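Asks:
Residue numbers (the numbering used here), protein chains in the order written: chain Y, 11 to 245; chain V, 2 to 297.
#1: If you draw a straight line from the alpha carbon of residue 21 of chain Y to that of residue 65 of chain Y, how long is it in whole angstroms?
#2: Can you grab the Cα-Cα spacing for the pair residue 58 of chain V / residue 49 of chain V, in whole Å?
#3: Measuring alpha carbon to alpha carbon, tell me which residue in V:166, V:196, V:144 is nearest residue 120 of chain V.
#4: For residue 293 of chain V, which residues in the same chain have their Cβ closer than 8 Å to its Cβ, ignoring the five residues on either side in sequence?
#5: Taking C-alpha atoms, which residue in Y:210, Y:47, Y:111, Y:95 lies nearest to residue 221 of chain Y?
#6: How would you list, in chain order, the residues of chain Y whose beta-carbon sits under 7 Å from the beta-carbon of residue 207 of chain V?
#7: Name the chain A residues whose beta carbon is nearer than 8 Å to that of residue 62 of chain Y?
#8: Once the 5 residues before and after residue 171 of chain V are set aside, which same chain residues still bring their CB inside 8 Å of it?
#9: Closer than 7 Å, CB to CB, is residue 211 of chain V near chain Y or not?
#10: At least one CB of chain Y closer than 7 Å to the CB of residue 26 of chain V: is that the case?
#11: For residue 241 of chain Y, count neighbouring Cβ atoms within 10 angstroms of its own Cβ and tell me buried if that reaches 16, exposed if not.
#12: Taking Cβ to Cβ, would you say residue 36 of chain Y is nearer than 7 Å to residue 200 of chain Y?
#13: Taking residue 237 of chain V as part of the alpha helix (DSSP H), name the residues at either end of that continuous run.
#14: What three-state label does DSSP hand residue 233 of chain Y in the structure shown?
#15: Ordered along the chain, which non-local residues of its own chain (more than five positions away) have a Cβ less than 6 Å from that of residue 84 of chain Y?
#16: Whose C-beta lies closer than 8 Å to the C-beta of residue 14 of chain V among residues of the same chain, with five residues either side of it excluded?
#17: Among the candidates V:142, V:63, V:33, V:9, whose CA atom is the shortest distance from the CA of residue 350 of chain V?
#18: Spell out the partners DSSP gives residue 12 of chain Y in its beta bridges.
#19: Using the three-state DSSP reduction, which class does residue 17 of chain V fall into: helix, strand or coil?
#20: Looking at C-alpha atoms only, which residue of Y:212, Y:62, Y:127 is the closest neighbour of residue 162 of chain Y?
#21: Quick one: list the residues of chain Y neighbouring residue 156 of chain V, beta-carbon separation under 7 Å, in chain order.
#22: Is the CB of residue 285 of chain V under 7 Å away from at least one CB in chain Y?
#23: Along the beta strand (DSSP E) that carries residue 63 of chain Y, what are the first and last residues, could you check?
#24: Does residue 136 of chain Y have its Cβ less than 7 Å from a Cβ in chain V?
#25: Kindly indicate the opening and closing residues of the beta strand (DSSP E) around residue 201 of chain Y.
#26: Give me the residue from Y:233, Y:123, Y:203 with the minimum Cα distance to residue 57 of chain Y.
#27: Let me confirm a value: residue 135 of chain V is counted as buried when at least 16 other C-beta atoms fall within 10 Å, else exposed. Which label applies?
#28: For residue 143 of chain V, I'd like the list of residues in its chain whose CB is within less than 6 Å of its CB, leaving aside the five on either flank, ordered along the chain.
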């Protein structure tokens with residue numbers, strides 16, 4: 011099923027074109043990486059896909075519903091170093107649990123399932139031990155991890171992440187890629203991730219969207235479908 | 002002191018406003034809109050001046066103008082996304098300049114403006130008390146039913162929007178509620194100090210706790226303590242209530258910060274424990290799936 015797409019989209023800032031004729035598609039249960047040099051409009055591409063900015067030309071589509079008719083849930087992990095609200099009076103557990111609030115009405119009771127899912131998400135990113143810590147006291151890499159845990163606790167159908175491995179060491183990055191592959195294969199999640207470490211995550215990916223320079227007209231998308239064998243789950 | 006009707010009204014009104022203003026302050030501070038209360042009080046003053054000039058109720062005109070100002074600032078904020086504080090400066094200049102011009106046109110009422118500027122215990126009449134009660138009920142319902150969306154939006158509006166929250170609508174409602182609270186708080190603390198009642202309890206509360214709900218509750222307790230102590234001191238010393246409440250709240254903030262630093266210092270000295278070190282260093286990298294039993 012098609013979850014999100016951009017069709018011949020053009021976009022820019024201050025009348026200066028940045029993206030040219032961008033066409034991408036994200037389908038259910040696939041792990042896609044977006045890559046390109048600094049300033050190649052990778053973040054803009056994600057924001058267009060999520061409807062956070064409107065394209066100048068072309069069409070941006072985000073499926074409103076899943077195949078079974080239920081509302082499509084979308085998780086987003088932005089570039090945290092700039093966006094993280096450090097003075098926020100919340101601890102790690104409360105913050106990650108807030109991801110569960112989006113699964114249903116705003117006023118519903120927090121259930122044992124929600125708490126279990128928040129705990130599982132925290133354990134999956136290796137942050138359960140620091141659950142009582144104030145979020146502003148965490149390091150950059152730890153903040154990144156709890157934002158990922160919060161998005162996982164939402165159990166989204168589509169998870170969009172902007173450079174999620176920033177601040178993570180090599181061992182954590184490997185664990186992270188394995189976890190994402192697991193979410194795709196076992197939970198049917200679709201994942202779109204901006205990354206600079208393409209070689210490292212290539213074995214886990216289904217497709218790569220590369221942004222290439224298109225003269226003065228901005229950047230254009232070039233999609234590569236990988237032939238990796240993911241028929242066997244990682245676990 | 003409490004056998005006087007006006008003091009009973011002042012304590013009742015102060016309690017109502019302290020509760021909702023303190024909660025509002027936590028959200029305003031975390032949304033980096035701490036100056037919004039100041040701005041709306043100046044805009045509201047323009048409404049008070051216009052009401053007095055046109056022979057309308059200054060309370061009602063000030064109240065409505067604050068709400069219009071709140072909506073206007075939300076629109077300007079969307080225009081200046083990167084510099085949201087610029088919207089506050091623009092609307093504040095508009096409100097204050099309008100107020101000054103209107104006040105100069107109406108010299109007869111200049112004396113009553115003093116109570117709007119600095120607050121007055123006797124300025125709280127029954128009609129204002131009813132207005133404050135209505136504002137408190139509306140604001141309390143808003144903060145209760147939207148507590149989860151507000152938490153998410155306050156942390157990061159973009160992520161909240163992607164999750165499906167109607168962030169534009171909630172932001173607009175938040176601005177309207179802010180305008181209502183600021184206008185309702187004006188008779189007691191006055192235009193010049195209304196932000197003290199909103200910001201100072203929140204400034205201390207968010208330092209002292211690492212749970213969001215606890216920060217809201219603590220801000221209310223600090224706000225109530227400041228208002229009751231300030232009103233009592235104001236009565237005993239015959240000082241303006243607005244300034245006295247603001248000074249008490251500032252004192253509480255200073256004491257709170259010093260005590261917090263002392264506690265941290267003592268803890269670091271006496272309990273530089275192995276347990277804390279263990280906790281700090283016991284978390285490791287993201288576990289590999291083959292090692293982890295919690296993934297399924």
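C-beta: ideal position from N, C-alpha, C; glycine also. Quantities reported herein were computed from a predicted structural model and do not represent experimental measurements.
Replies: Answer, in terms of the structure:
#1: One C-alpha to the other measures close to 5 Å.
#2: In this structure, the straight-line span from the alpha carbon of residue 58 of chain V to that of residue 49 of chain V is close to 8 Å.
#3: Residue 120 of chain V has its Cα closest to that of V:196, out of V:166, V:196, V:144.
#4: Reliability of the predicted coordinates at residue 293 of chain V is poor, the pLDDT of 49 falling under 50, and the value obtained from them is presented with this limitation in mind. Answer for residue 293 of chain V: no residue qualifies.
#5: Of the listed residues, the one whose Cα sits closest to residue 221 of chain Y is Y:47.
#6: Those within 7 Å of residue 207 of chain V in chain Y are 97, 99.
#7: Looking at the structure shown, chain A is missing, and the protein chains on hand are Y and V.
#8: Result list for residue 171 of chain V: 147, 150, 151, 154, in chain order.
#9: Output row for residue 211 of chain V: interface = yes.
#10: Not an interface residue.
#11: With a pLDDT of only 45 at residue 241 of chain Y, under 50, the local geometry of the prediction cannot be trusted, and the value read off the model is given with reservation. Note on residue 241 of chain Y: under 16 other CB atoms within 10 angstroms of its CB, so exposed under the neighbour-count rule.
#12: Their beta carbons are under 7 Å apart, which means residue 36 of chain Y touches residue 200 of chain Y by this criterion.
#13: Where residue 237 of chain V is concerned, the enclosing alpha helix (DSSP H) stretches over 213-238.
#14: Correct three-state label for residue 233 of chain Y: strand.
#15: Cβ-Cβ distances below 6 Å link residue 84 of chain Y to 166, 168 in the same chain, with the five nearest sequence neighbours on each side left out; the list follows chain order.
#16: If we look at residue 14 of chain V and ignore the five residues flanking it on each side, its Cβ neighbours are 125, 129, 130, 133, 188, 189.
#17: Lying before the first or after the last residue shown, residue 350 of chain V is absent from chain V, which here runs from 2 to 297.
#18: Answer is Y:37, bridged to residue 12 of chain Y.
#19: When secondary structure is reduced to three states using DSSP, residue 17 of chain V falls in the helix class.
#20: For residue 162 of chain Y, the closest C-alpha among the options Y:212, Y:62, Y:127 is that of Y:127.
#21: Ordered by position in chain Y, the residues that pass the 7 Å Cβ test against residue 156 of chain V are 95, 98.
#22: Yes, contact with chain Y.
#23: Unbroken run through residue 63 of chain Y: none, as it is neither H nor E.
#24: Among the residues facing chain V, residue 136 of chain Y is included, as its CB has a counterpart in that chain under 7 Å away.
#25: From DSSP, the beta strand (DSSP E) with residue 201 of chain Y extends over 200-204.
#26: Minimum Cα distance to residue 57 of chain Y is reached at Y:203.
#27: Exposed is the call here.
#28: Contacts found: 178.
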